[in-house]
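One line per chain: the protein sequences are L and R, in this order.
For what it's worth, my numbering labels the leading residue of the first sequence as 713, then goes sequentially.
For what it's worth, my numbering labels the leading residue of the second sequence as 222, then goes sequentially.
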Amino acid sequence: MPWDLLFDPLFRLPFFTGLVFAVVLPVLGLYLRMREEWLAALGFAHLGGAGGVIGSLTGIPPLLAALGVAGGGVAARGLVRRAGNDLYAIMILGGWAAMILGAQFSHHARTLAQTLVDGQLYFTGLEQLLTALAFAAVFAVAMPWLSRRLLRARLFPGHDRANGQPVAALGLGFNILVAAGVALASMAMGVMAAFALMFVTPWVAFALAPGWRAAVVLSALLGVLAYLVAFVIALVGDLPFGPAFVAIVVGLALLRLLPRR
Amino acid sequence: MTTRLLTVDGLRAGYEGPVVGPLDFFVEAGEVVGLVGPNGCGKSTVMRVLTGEATVFSGSATRRDGLRVAYQPQYGLNTGGTASEIPLRVREVLRLMEVSQDTLPARLAALLDVRVDRLSGGQQQLLMVWAAIGHPADLLLLDEPTNNLDTDGEALLADTLRSLAPGRAALVISHERDFLTQVVDRMVEVG
C-alpha cells in the first residue's frame with residue numbers, strides 16, 4: 713500500500729482545505745437542524761454544483777458561479793415566508809437537472825460535474841484553501857453572535873421581533889453563510905460529502921450531546937474524525953474521496969443507537 | 222402616578238384579513254391584564270401584533286418608548302418537527318432569556334442540567350413560562366401559560382404574577398377563567 717502518499721506535499725493543500733470544511737460544516741448543520749431546515753444543505757449543494765457547471769460553460773470562474781447560484785437560492789428562500797424543506801427539495805431537483813444537462817455541452821463542464829459527484833478533493837488548489845480559510849474566518853466571527861439569536865428565534869419565536877430586533881435579516885445572514893459554505897465545500901469535496909457532513913454529524917450530536925455547547929464540539933469532532941479516516945482510506949486505496957467519506961460518515965450514524973444519558 | 226406601557230386603540234388585526242377587533246384596552250405598570258374569550262376569537266392574534274407576526278388593518282397598538290417585552294408563545298418546544306429533539310440544557314435556555322438562576326423556583330432549579338427535550342410536558346411549560354417571567358422585561362406577554370401545568374405549577378405561577386415588581390406588567394391569555402380571576406387586575410373580553 714502506498715502509505716508514503718499520505719506525506720506527499722502534493723496532498724497538503726487538499727488535506728487542509730477539507731479539514732477546514734470538516735470542522736465548520738457540521739456546526740452549521742447543527743443550526744440548520746435546530747431550525748428544521750436540514751435539507752437546505754443538499755439544496756444549496758446542488759445549486760452550487762449547478763453554478764460550477766454553468767460557470768465552466770460561460771467562462772465565469774466556477775467557484776464564483778457556484779457562490780452566485782447558491783446566493784440565488786438564498787434570495788428565493790427569503791421570498792418564501794413559510795419555513796420548511798419544500799423549497800430545498802425543489803433546489804435539489806433543479807440544481808441536479810441543471811448540473812447534469814449543463815455537463816452535456818462541453819468536456820470541461822462534464823469533467824467538473826463528474827468531480828462534483830465523485831468529490832475529488834485531491835484536485836483542490838491554493839485558491840480553494842484560501843477561500844475555505846476566508847470562509848472559516850467569517851464563520852468564526854459571525855457564529856458566536858448569531859448562535860444565541862438563532863436559538864432564541866427557535867424557542868421563543870416573536871420575542872426578539874417584539875423587542876425590535878431584525879430577525880428577518882438574521883435569518884438571511886445565516887442562510888448566506890450556509891449557502892456560501894455548502895457551495896464552497898461542494899466544489900472542493902463533492903456535493904454528497906458536503907451534505908453528509910451537515911446532516912449526519914449534527915443528527916448524531918442531537919441524540920447524544922448533553923447540551924448545546926457539547927453538541928457543537930461533538931458534531932465538529934465527528935466531522936474531523938470521519939474526514940481523517942476517509943482521507944487516508946481514499947488516498948491509500950486509490951478511491952474517489954467523496955463516496956469513501958460519505959460511507960464513513962454514514963457509519964457514524966450508528967452512534968445514535970448508543971444509550972442516552 | 223401610573224405609567225402606561227401599552228395602549229390598544231380600535232385595533233383590528235389578523236393575517237390575510239382581520240380576525241379580531243375592534244379592540245380597546247391598556248396595560249399600566251404594576252398591572253396584570255387578562256385577555257379572555259372563546260377559542261379562535263383572536264386572543265393570540267392580539268399578542269402577535271406586538272411580536273410583529275400579525276397585520277394591523279386599522280387602529281393601533283402603541284408601546285411606551287423603550288419598552289422591553291418578554292414573550293412566552295403558546296407552542297414552545299413542541300413544534301412537532303424534527304427539532305422536538307434538541308440538545309439544550311435548561312440552564313442554556315434560561316441564559317438565552319437572560320434569566321438569573323437565583324430567582325428560579327426550587328423545582329426548576331433542580332433541573333438545570335437536564336436536556337429540555339427530556340423534561341415532561343409540565344416541566345417544559347414551567348421552563349418556558351419562567352424564561353419569560355425571569356427575563357428583565359417591563360411587559361410580559363404570556364400566551365396560555367397554564368397549559369400542561371399541574372396544580373402546584375399553577376399556584377406557583379399565580380403567586381408570581383400577583384407579586385410582580387412595581388414597574389412591570391403582564392398581559393395574560395388563558396382559557397382558564399378561574400386562573401385569570403385569581404391573578405388579573407382587569408379582564409378584557411375578546412370577540
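Quick reminder that beta carbons are idealized off the backbone N, C-alpha and C, glycines included.
Fair warning: this is a prediction, and the values are worked out from it, not measured in the lab.
Contact of Ile394 of chain R with chain L is not assigned, every C-beta pair being separated by 9 Å or more. Membership of Asp380 of chain R in the alpha helix (DSSP H) is indicated by the continuous run Thr372 to Arg383. Counting only Cβ-Cβ distances below 9 Å, Arg860 of chain L has contacts in chain R at Arg316 and Leu317, in chain order.
Assigned with DSSP and collapsed to three states, Ala391 of chain R falls in strand. Any Cβ of chain L closer than 9 Å to the Cβ of Leu232 of chain R would place that residue at the interface, and such an atom is absent. Under the three-state reduction of DSSP output, Pro774 of chain L falls in the helix class. In terms of beta-carbon proximity, Gly790 of chain L stays away from the interface with chain R, with every pair separated by 9 Å or more. In this chain, the alpha helix (DSSP H) harbouring Ser931 of chain L covers Trp924 to Val948. Phe400 of chain R and Glu375 of chain R do touch by the CB rule: their CB atoms are close to 6 Å apart, below 8 Å.
Burial of Glu313 of chain R is indicated by the presence of at least 16 other C-beta atoms within 10 angstroms of its C-beta.
By the neighbour-count criterion, in which a residue is buried when 16 or more other Cβ atoms sit within 10 angstroms of its Cβ, His820 of chain L is exposed. Within 7 Å of the CB of Gly343 of chain R, no CB atom of chain L is found; the nearest one sits about 17 Å away. Arg310 of chain R is bridged by DSSP to R:Arg336. Taking every protein chain shown into account, the CB of Gln322 of chain R has fewer than 16 other CB atoms within 10 angstroms, so this residue is exposed.
With respect to the C-alpha of Ala815 of chain L, the residue from L:Ala919, L:Pro869, L:Phe953 and L:Leu828 having the closest C-alpha is L:Leu828. Val944 of chain L places its beta carbon 9 Å or farther from that of Leu841 of chain L. The C-alpha of Met268 of chain R lies about 8 Å from the C-alpha of Ala275 of chain R. Interface annotation for the stretch 254-279 of chain R against chain L: Met268, Arg269, Leu271, Thr272, Gly273 and Glu274, criterion Cβ-Cβ distance under 9 Å.
Glu274 of chain R is bridged by DSSP to nothing; it lacks a bridge partner. Annotated three-state conformation of Val739 of chain L is helix, per DSSP. Taking a cut-off of 8 Å on C-beta distances, the stretch 951-965 of chain L does not touch the stretch 226-236 of chain R, as fewer than three cross pairs fall below it. Here Thr729 of chain L has Thr836, Gln840, Leu841, Ala844 and Ala900 as same chain residues with Cβ atoms under 6 Å from its own Cβ, once five neighbours each way along the sequence are excluded. For Thr913 of chain L, the enclosing alpha helix (DSSP H) starts and ends at Val903 to Leu920. A straight line joining the alpha-carbon of Thr372 of chain R with that of Glu397 of chain R spans about 13 Å. The three-state secondary structure of Ser818 of chain L, taken from DSSP, is coil. For the C-beta of His819 of chain L, not a single chain R residue is nearer than 9 Å; the gap to the nearest is close to 42 Å. Put simply, the stretch 962-971 of chain L does not touch the stretch 737-756 of chain L. Fewer than three CB pairs are less than 8 Å apart. Residue R:Asp406 holds the alpha-carbon nearest to the alpha-carbon of Arg383 of chain R among R:Leu362, R:Asp406 and R:Thr324. For Trp924 of chain L, a Cβ of chain R is located within less than 9 Å of the residue's own Cβ.
Interface residue (Cβ-Cβ distance to chain R less than 9 Å): His758 of chain L is not classified as such. Here Leu838 of chain L is exposed, its C-beta having fewer than 16 other C-beta atoms within 10 Å. Shown here, Pro243 of chain R sits in a strand according to DSSP, grouped into three states. Residues of chain L whose Cβ lies closer than 7 Å to the Cβ of Pro243 of chain R do not exist, since the nearest Cβ in that chain is about 22 Å away. Taking C-beta atoms as the reference points, Ile802 of chain L and Gly771 of chain L fail to come closer than 9 Å. Look at the stretch 283-296 of chain R: the residues with a C-beta under 8 Å from a C-beta of chain L are Arg289, Val290, Ala291, Tyr292, Gln293 and Pro294.
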